[in-house]
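Engineer: One structure, pasted below without further comment.
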Ligand code: SF4
Ligand SMILES: [Zn+2]
Ligand SMILES: [Zn+2]
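In structure tokens:
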């Protein structure tokens with residue numbers, strides 16, 4: 117297969133775009149497209165400070181690489197969750213994230229749950245109601261809380277995550293299966309700043325997972341190949357497999373499913389329910405973040421319960 121731009125040998129074929137590209141043209145194309153999406157969706161400008169949530173995986177490290185290459189002021193945030201499960205998952209992902217930042221002289225914030233709160237995600241999951249099956253609910257709560265905290269404390273304008281189109285399509289599929297109106301309303305590549313929480317953006321929302329893997333590989337980014345051990349057997353992994361089967365039969369199906377959803381929403385598919393019911397918020401007396409609870413927020417409550425034990 118030939119590169120559509122220069123006629124050289126293509127290293128990737130993107131069937132949904134009916135386009136093959138060589139290494140250099142693919143890297144350039146992906147960076148330019150990201151820039152286009154950032155501008156079109158009004159994600160952020162060169163003058164704003166961006167905090168990139170990095171996990172040591174291909175998507176978040178590739179995102180950081182792209183933003184820095186495009187000239188944005190992008191610092192990283194790594195949250196050490198203390199997930200080991202016999203493969204040293206967190207230790208290895210932290211090592212790779214630090215190596216990435218050091219090699220490029222980038223600023224990286226590290227939040228260590230053990231040092232900061234004296235616990236880790238598997239312990240939180242075991243000791244609270246949140247982790248009967250998997251620790252993902254406790255883990256999600258920790259990540260959201262700590263991302264918001266670092267963004268607030270260090271004055272970042274925007275929080276960027278490495279969600280790709282496969283992630284977004286799987287989430288959309290899950291929300292649609294349950295007709296989860298509130299989540300569908302809030303699923304978007306940009307969530308505006310609200311109640312003092314930084315704006316949240318997903319600059320990779322239009323790229324397939326395999327494109328991000330190819331980008332990381334071609335850019336020589338060393339990332340953790342293993343998924344988090346708790347991701348195995350999760351419903352989102354299952355939905356991704358289903359969507360990939362659909363994609364194999366009908367190239368572009370994944371992309372259409374997600375982008376047509378965004379377009380339909382813009383046209384007012386959910387017009388009747390666009391008046392979002394925003395719960396009354398209070399300041400958590402412990403951490404100072406906004407919460408719908410009357411007393412401490414769910415993060416602080418979870419930490420307290422674990423620390424008591
Ligand atoms: S899969 Fe792992 S990293 Fe992801 S939410 Fe679950 S526990 Fe956290
Ligand atoms: Zn080319
Ligand atoms: Zn709190």
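Residue numbers (the working numbering): 117 to 425.
C-beta: ideal position from N, C-alpha, C; glycine also.
Only a predicted model underlies this, so the values are computations on that prediction, with no experimental measurement involved.
From 322, 332, 139 and 386, pick the residue whose C-alpha is nearest to that of residue 133; which is it?
Structural biologist: Looking up residue 133 in the chain shown gives position 17. Here the closest residue by C-alpha is 322.
Engineer: Measuring only from the beta carbon, is residue 137 closer than 7 angstroms to any heavy atom that is part of ligand 2?
Structural biologist: What you label residue 137 is simply residue 21 of the chain shown in a count that begins at 1. Distances between the C-beta of residue 137 and the heavy atoms of ligand 2 include at least one below 7 angstroms.
Engineer: To the nearest angstrom, how far is the alpha carbon of residue 278 from that of residue 415?
Structural biologist: Here residue 278 refers to the residue found at position 162 of the chain shown. Here residue 415 refers to the residue found at position 299 of the chain shown. One C-alpha to the other measures close to 23 angstroms.
Engineer: Please confirm whether any heavy atom of ligand 2 lies closer than 7 angstroms to the CB of residue 223.
Structural biologist: Counted from its first residue, the chain shown places residue 223 at position 107. Flag unset: Cβ of residue 223 not near ligand 2.
Engineer: For residue 255, which residues in the same chain have their Cβ closer than 7 angstroms to its Cβ, ignoring the five residues on either side in sequence?
Structural biologist: Taking the first residue of the chain shown as 1, we reach residue 255 at position 139. Closer than 7 angstroms at the Cβ level, and outside the excluded window around residue 255, lie 197 and 237.
Engineer: Just verifying my parser: in three-state terms, what is the DSSP assignment at residue 170?
Structural biologist: If you number the chain shown from 1, residue 170 lands on position 54. In this structure, residue 170 counts as coil in the three-state DSSP scheme.
Engineer: Cα separation between residue 136 and residue 334?
Structural biologist: Stepping through the chain shown from its first residue, residue 136 is reached at position 20. Stepping through the chain shown from its first residue, residue 334 is reached at position 218. When rounded, the distance between both Cα atoms is 15 angstroms.
Engineer: Output the residue ranges of the beta strand (DSSP E) runs that lie fully inside the stretch 188-273 and measure 3 residues or longer, sorted by chain position.
Structural biologist: 189-196 and 224-228
Engineer: I'd like the list of long-range same chain contacts for residue 186, defined as Cβ closer than 6 angstroms, with 5 residues on each side in sequence excluded.
Structural biologist: On the chain shown, position 70 is the one that residue 186 refers to. These residues qualify, in order along the chain: 151.
Engineer: Whose C-alpha, out of 204, 170 and 163, is nearest the C-alpha of residue 188?
Structural biologist: One-based indexing of the chain shown puts residue 188 at position 72. The option with the nearest alpha carbon to residue 188 is 163.
Engineer: Using a Cβ-based criterion (distance less than 7 angstroms to any ligand heavy atom), does residue 347 qualify as near ligand 1?
Structural biologist: Along the chain shown, one-based indexing puts residue 347 at 231. Yes - ligand 1 has a heavy atom lying nearer than 7 angstroms to the Cβ of residue 347.
Engineer: Can the beta-carbon of residue 194 be found less than 8 angstroms from the beta-carbon of residue 229?
Structural biologist: Position 78 of the chain shown, counted from the start, is the residue given in the question as residue 194. Position 113 of the chain shown, counted from the start, is the residue given in the question as residue 229. No; because the gap between Cβ atoms is not below 8 angstroms, this pair is not in contact.
Engineer: Provide the residue(s) that pair with residue 275 in DSSP beta bridges, ordered along the chain.
Structural biologist: Here residue 275 is taken as the residue at index 159 of the chain shown, counted from 1. 167 and 316, per the DSSP bridge assignment.
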